[in-house]
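Numbering of the sequence shown is given in full-length UniProt numbering, commencing with residue 1 and proceeding in unit increments.
Glycine included, each C-beta is placed from N, C-alpha and C at the ideal position.
Inspection log for the structure reproduced underneath, given as structure tokens.
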Amino acid sequence: MISYIETLMAGGALRLYLTPPNEATSWRVLRRTNPAAFTGPDDPGAAMVVDRTDANVVMDAKGLSNGATYHYRVYYRGRTGAWIGHDEGQGVPQASYAGDDADPQTVLRDRLEAGLKTEVQRGALLPQSGKIQVVTAPFAMVEHVTFPCVSVHLESDLPAYRGIGESFGDGEVIEGVGWDDGEGWLSRVVLRVVAVSLNGDERIALRRAIKRIVIANLPVFKAAGLDQVEFSLSDHEDEGPKNSNAILFMSVGQFSCIAPSYASHRVGPIRDVEVSASAFFPSQESNEGNG
């Protein structure tokens, strides 16, 4: 039998859970949009999902449209190769995933922007423009940039820790609605922070301010899901804009953390569970052997 057809949150995909009869050695899965149109295991008008498989779980992600109803028929082969029966089921693919994880780059940018505003208000930093830009691209690529400025750029985002089956989270139960389920991993995220000034002394003040801001925001990072935060800084110099004869005094930082990367969706409540049972009668030989 087709025990269950699961709608995957990615959309355009269904997963079939099969419980084949004991005498079946392999099976063929066909798909149609009209349940009455199946003509048999060699139906030329049906899409063949899989053939000659003995897998109890079958994935179908070939050309499915979200919102459309698809009908499946599973044909079973016996030990002689003859067809011995079939089962039917239907499913509707839907895209239901949502990404609720925080973006580390955005979190750090926002906290640096707020913190540098405070540093300017306190008089710890005295930019001529009255503010310090915090951008999310290399400063050399930003139009109308004024110094001092700070850029926050993603260097890498790689899986660091994975769960069994890519399952993520505790599966929060919502009374009368169902539960939230998720898949993903914990990522090691590395961000490059570049603070640029036209003055060496101002660079020192800017570097120290950024370090203070990062440390002060450790509880904020934790609340946003950013764990194991590490931050390092080093000074560099480079030539300024063309024809300016200026020197760029830079403090380059590396901000790293462990952050969740996942997609989640809401699963409806289970209201009915079908259970089938078959009687077991020991053979005569088995009874004699035990006696």
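Restricting to Cα atoms, I'd like to know which of the options is closest to residue i.
i	options	result
residue 257	63, 223 and 265	223
residue 4	225, 16 and 217	16
residue 96	11, 128 and 127	11
residue 145	131, 42 and 153	131
residue 106	265, 264 and 255	255
residue 71	38, 198 and 219	38
residue 111	220, 187, 245 and 236	220
residue 262	21, 135, 187 and 34	187
residue 231	189, 204 and 114	189
residue 32	201, 53 and 63	63
residue 101	226, 246, 233 and 247	226
residue 61	235, 53, 247 and 94	94
residue 66	138, 7 and 79	7
residue 87	120, 40 and 116	40
residue 52	83, 27, 150 and 204	27
residue 163	120, 182, 204 and 196	182
residue 154	34, 161 and 135	135
residue 42	120, 83, 234 and 233	83
residue 113	212, 247 and 22	212
By a C-beta neighbour count over all protein chains shown, 10 Å radius and 16 as the cutoff for buried, is residue i buried or exposed?
i	result
residue 36	exposed
residue 57	exposed
residue 228	exposed
residue 217	buried
residue 133	buried
residue 122	exposed
residue 140	exposed
residue 259	buried
residue 129	exposed
residue 99	exposed
residue 138	exposed
residue 116	buried
residue 148	buried
residue 81	exposed
residue 197	buried
May I ask which residues mark the beginning and end of the alpha helix (DSSP H) holding residue i?
i	result
residue 114	104-122
residue 218	218-223
Starting from residue i and walking both ways along the beta strand (DSSP E), at which residues does that stretch end?
i	result
residue 132	Run containing residue 132: none; DSSP gives neither H nor E here.
residue 88	83-91
residue 58	57-60
residue 71	70-77
residue 7	2-7
residue 14	14-18
Just to confirm before moving on: does the CB-CB distance between residue i and residue j stay below 8 Å?
i	j	result
residue 92	residue 118	no
residue 191	residue 104	yes
residue 214	residue 252	no
residue 30	residue 46	yes
residue 85	residue 76	yes
residue 2	residue 49	no
residue 108	residue 152	yes
residue 209	residue 126	no
residue 249	residue 200	yes
residue 78	residue 25	yes
residue 265	residue 9	yes
residue 300	residue 238	Residue numbering for the chain in the displayed model covers 1 to 291; residue 300 lies beyond these limits and cannot be assessed.
What does DSSP give as the partner residues of residue i in its beta bridges?
i	result
residue 254	192 and 232
residue 249	197 and 237
residue 50	29
residue 207	Its beta-bridge partners do not exist; DSSP assigns none.
residue 161	186
residue 152	193
residue 227	258
residue 263	183
residue 98	264
residue 10	95
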